[in-house]
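Asker:
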Ligand code: SAM
Ligand code: SF4
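In the numbering used here, the protein residues as written are 20 to 347.
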């Protein structure tokens, strides 16, 4: 019988975000420093068995019902479908967040392994801009990956687009149209100070309210009631063109409904994207720790979950890790 994990702010934690690698085939400017990234040696990454053990424990002991695989870029990890097969057997809502560049090859295998839903990140539909943002000439690969995910029957497919003022905020309507034409929910994300390189400034965040106003002026939208614990505020097009979402992580933080914890690729448990401390689950696993000991460590970390991030306040401290090392 599972016992729900309730944090000190009365939030039930039931969503585990697992970064399965810190490596990435892209170098998105808003996500990681452009110089000096050093990948973890393979021996430091949690093995699939270790990941599955922690995930199983969270599901069976604490009733977690949602697992999200992320990275770095999760599809660069060899044999990803093997991990998906193992985790899908847990019977929870399992999703993957990817930059989509290798999906043309992998989407079918992932679907057959038990993956149902997928989030694909894409920040521009223009090739030259794509190269500038990601440092890779791979826009066609990502677009082919999106098509492959659709043909493989993965659903829903959500497209994540991080907006940065002066970089891609002139593409909001292009993205809305791209999503409408393909039945994909585009989710515009406010840029958070997790680039690891210190290039974030508040004036380059594009507020979610502005995004919806600009889209609504062309295609009228209605807000879907009750967001629940999901970070996205969702809107439906009045003409039946599907849905569009905004993730207002900075201007309208949704911390009060946060139900998640995060595991880094090397097995550090974080109770918030912006945590400045972590619990070393890998050390417990590799020193022969019992399930009770791992469970106690998870429970203790949830017990330290703070009320919310403090971006914009004087005492805000940027975490040392970049988004690519935490997982988003
Ligand atoms: N590589 C995969 C991808 O790009 O989808 C998974 C990891 S990535 C860190 C997860 C999500 O975080 C992506 O949607 C990405 O756009 C988003 N992201 C990265 N840096 C961000 C930042 N500084 N602020 C907001 N979102 C960010
Ligand atoms: Fe890599 Fe994803 Fe970060 Fe881009 S957003 S650098 S693809 S981890």
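Quick reminder that beta carbons are idealized off the backbone N, C-alpha and C, glycines included.
Since the model is a prediction, treat every value here as computed from it, not as a measurement.
#1: Which whole-angstrom value describes the C-beta separation of residue 251 and residue 323, a residue pair presumed to lie in contact below a C-beta threshold of 8 Å?
#2: Runs of 3 residues minimum, wholly inside the segment 188-266: which ones carry the beta strand (DSSP E) assignment?
#3: Cβ of residue 191 within 8 Å of Cβ of residue 234?
#4: Judging by CA-CA distance, which residue of 64, 290, 217, 256 is the nearest neighbour of residue 200?
#5: Between which two residues does the alpha helix (DSSP H) harbouring residue 136 extend?
#6: Given residue 141, which residues of its chain have a CB within under 7 Å of its CB, disregarding the five upstream and five downstream residues?
#7: Tell me which residue opens and which closes the beta strand (DSSP E) that residue 34 is part of.
#8: Quick one: what's got a C-beta closer than 8 Å to residue 261's C-beta in the same chain, skipping five residues either side?
#9: Just mark residue 138 as buried or exposed, buried being the case when its beta carbon has 16 or more other beta carbons within 10 Å.
#10: For residue 156, which residues of its own chain have a beta-carbon under 7 Å away from its beta-carbon, when the five flanking residues on both sides are left out?
#11: Using 10 angstroms around the beta-carbon of residue 53, count the other beta-carbons present and answer buried if the total reaches 16, otherwise exposed.
#12: Three or more C-beta pairs closer than 8 Å, one from the segment 305-319 and one from the segment 90-100: is that the case here?
#13: If we ignore side chains and look at the alpha-carbon of each, how far apart do residue 80 and residue 208 end up?
#14: Taking the alpha-carbon positions, what's the residue 239 to residue 193 distance?
#15: Do residue 274 and residue 326 have their C-beta atoms within less than 8 Å of each other?
#16: Output needed for residue 196: all residues of its chain with C-beta closer than 8 Å, excluding positions within five of it in sequence on either side, in chain order.
#17: Looking only at DSSP bridge pairs, what is residue 85 linked to?
#18: Are there three or more Cβ pairs, one per stretch, closer than 8 Å when the segment 208-224 is compared with the segment 264-273?
#19: Closer than 7 Å by C-beta to residue 347: which residues in its own chain qualify, once you throw out the five before and the five after it? Chain order, please.
#20: When you measure from the CB of residue 49 to every non-hydrogen atom of the ligand SAM, does any distance come out below 7 Å?
#21: Whose CA, out of 82, 168, 158, lies closest to the CA of residue 124?
#22: For residue 58 and residue 310, I'd like the C-alpha separation in whole angstroms.
#23: Which residue from 63, 217, 27 puts its Cα closest to that of residue 48?
#24: For residue 117, which residues does DSSP report across the bridge?
#25: Would you say residue 43 touches the ligand SAM, meaning its beta carbon is less than 7 Å from a heavy atom?
#26: From the DSSP output, in three-state form, read off residue 178 for me.
#27: Provide the residue(s) that pair with residue 288 in DSSP beta bridges, ordered along the chain.
#28: Quick check: is any heavy atom of the ligand ZN less than 7 Å from the C-beta of residue 234?
#29: Nearest CA to the CA of residue 105: which residue from 72, 82, 328, 136?
#30: Going along the chain, which residues of its own chain have a beta-carbon closer than 7 Å to the beta-carbon of residue 341, five neighbours each way excluded?
#31: Assuming contact is defined by CB atoms lying nearer than 8 Å, are residue 345 and residue 281 in contact in what I supplied?
#32: Specify, as a first and last residue, the run of the alpha helix (DSSP H) that residue 53 falls within.
#33: With H, G and I counted as helix, E and B as strand and the rest as coil, what does DSSP make of residue 269?
Answerer: From the atom records:
#1: Rounded, the Cβ-Cβ distance is 26 Å, inconsistent with contact.
#2: 204-209, 240-242, 252-256, 262-266
#3: yes
#4: 256
#5: Careful: residue 136 lies outside any alpha helix (DSSP H), inside the beta strand (DSSP E) at 136-140.
#6: 119, 161, 178, 180
#7: 34-38
#8: 198, 199, 202, 203, 204, 255
#9: buried
#10: 150
#11: exposed
#12: no
#13: 33 Å
#14: 16 Å
#15: yes
#16: none
#17: 34, 112
#18: yes
#19: 89, 116
#20: yes
#21: 168
#22: 29 Å
#23: 217
#24: 139
#25: yes
#26: strand
#27: 282, 298
#28: Absence of the ligand ZN from the depicted structure is noted, with the ligand SAM and the ligand SF4 being the only ligands included.
#29: 72
#30: 50, 51, 52, 213, 214, 215
#31: yes
#32: Here residue 53 belongs to no alpha helix (DSSP H), and DSSP marks it neither H nor E.
#33: coil
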